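What follows is one structure encoded as structure tokens, with my remarks underneath.
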Amino acid sequence: MFEILVKKSLPSTNTYAKKLAGDGKNAVVVALTQTRGRGRNGKKWFSPKGGLWFSVILRPKSPNLIQAIASLAVLRSIKKLGLKPKIKWPNDVYINGRKISGVLSESSFSGKLDYVVVGIGINANFALKMLPKELRKASTTLADEGVFIGTMELLDLVLLEIKRLLKEKKSNVIREWGKNSLNEVLLNGERLSVCGLTKEGYLIVKDAENKKKIVTEGDIVPT
Ligand code: BT5
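For what it's worth, the numbering used here labels the leading residue of the sequence shown as 1, then goes sequentially.
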């Protein structure tokens, strides 16, 4: 299902994959390093050598739960390595309160959905000191968690889980997501408990007065 292209260095695997997707191609693009790795809303994603930085071109009917599927695929793969990851909406995987992975999904529409490029970054085989100082407290890597797995082997694990999850019923994806999410988060300083996901992939939370709200955008923070 996935043709894998491995490049030594790219500005961003998402940008490269979007060009391929626009030309009608399907592939997985991997870069050993990225010089302009991207997070959401123009944020930077640091991508030193030793990490797993890749993008998958998907052509689903709807982009709704793709971000949840990608985060769950990372979570399942990291669990197989013996670690205890949690998901933070919309796109992060954490270990003991520290970010190990992020997902950036970008869609193209022309009347209908043309494609979704799902970019996944996993801090794998490099030491935390390779990241800028200001990120070290809030981040971790597989190496720092005492786990070693080759990046291509890790890629195989994640791709396998993406394939499996794409075949799952939406309700199962939502249920598994809920079981693996952080229970409590902060949004604009307010402490909220996480109830789950809507079928569009939005976050359902409850405030201190037990009032339910749906979060469609913004940066939530672990408590
Ligand atoms: C993300 O954005 O977490 C999405 C990251 C997606 C990266 C992949 S790598 C392959 C593909 N190609 C790309 O160009 N991107 C994708 P967001 O939730 O907006 O988080 C961004 C924030 O995470 C930054 O502002 C930093 O605070 C932090 N950060 C940056 N690099 C990090 C790293 N390597 N590990 C942990 N945190 C990092």
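Note that beta-carbon positions come from the ideal geometry of N, C-alpha and C, so glycine has one too.
As the structure is a computational prediction, the values presented were derived from the model and not from experiment.
- Within the chosen limit of 7 Å, ligand 1 does not reach the beta carbon of Phe126 with any heavy atom.
- Partner residues in the beta bridge of Phe109, as assigned by DSSP, are Leu113.
- In the structure shown, Glu161 falls within a helical segment according to DSSP collapsed to helix, strand and coil.
- Judged by the Cβ position, Val205 fails to qualify as a neighbour of ligand 1 at the 7 Å threshold, every heavy atom of the ligand being at least this far.
- Going by beta carbons, Gly121 and Gly150 fall outside the 8 Å limit.
- Membership of Leu20 in the alpha helix (DSSP H) is indicated by the continuous run Thr13 to Gly22.
- Counting C-beta pairs closer than 8 Å gives three or more between the region 40-56 and the region 127-145, which meets the contact rule.
- Below 8 Å, too few C-beta pairs join the region 151-161 and the region 18-25 to call them touching: fewer than three.
- The alpha carbon of Arg36 has as its nearest neighbour, out of Leu197, Glu168, Ala127 and Pro11, the alpha carbon of Pro11.
- Sequence-distant partners of Ala31 (beyond 5 residues in either direction) whose C-beta falls short of 7 Å from its own C-beta, in its chain, are Lys7, Ser9, Leu10, Thr13 and Trp53.
- If you compare the alpha carbons of Arg40, Pro85, Arg38 and Asn91 with that of Gly201, the shortest gap goes to Asn91.
- Per DSSP, the continuous alpha helix (DSSP H) segment holding Val173 begins and ends at Lys170 to Asn180.
- Inclusion of Phe109 and Gly51 in the CB contact set at 8 Å is not warranted, their separation being larger than that value.
- Linking Leu165 to Leu72 through their CA atoms gives a straight-line distance of about 8 Å.
- DSSP places Leu75 inside the alpha helix (DSSP H), whose first and last residues are Ile66 to Lys80.
- Taking a C-beta distance under 8 Å as the contact criterion, Leu182 and Lys88 qualify as a contact pair.
- For Leu203, the pairing in a beta bridge is given by DSSP as Leu197 and Val215.
- At a threshold of 7 Å, Asn188 does not count as near ligand 1, since its beta carbon sits no closer than that to any of the ligand's heavy atoms.
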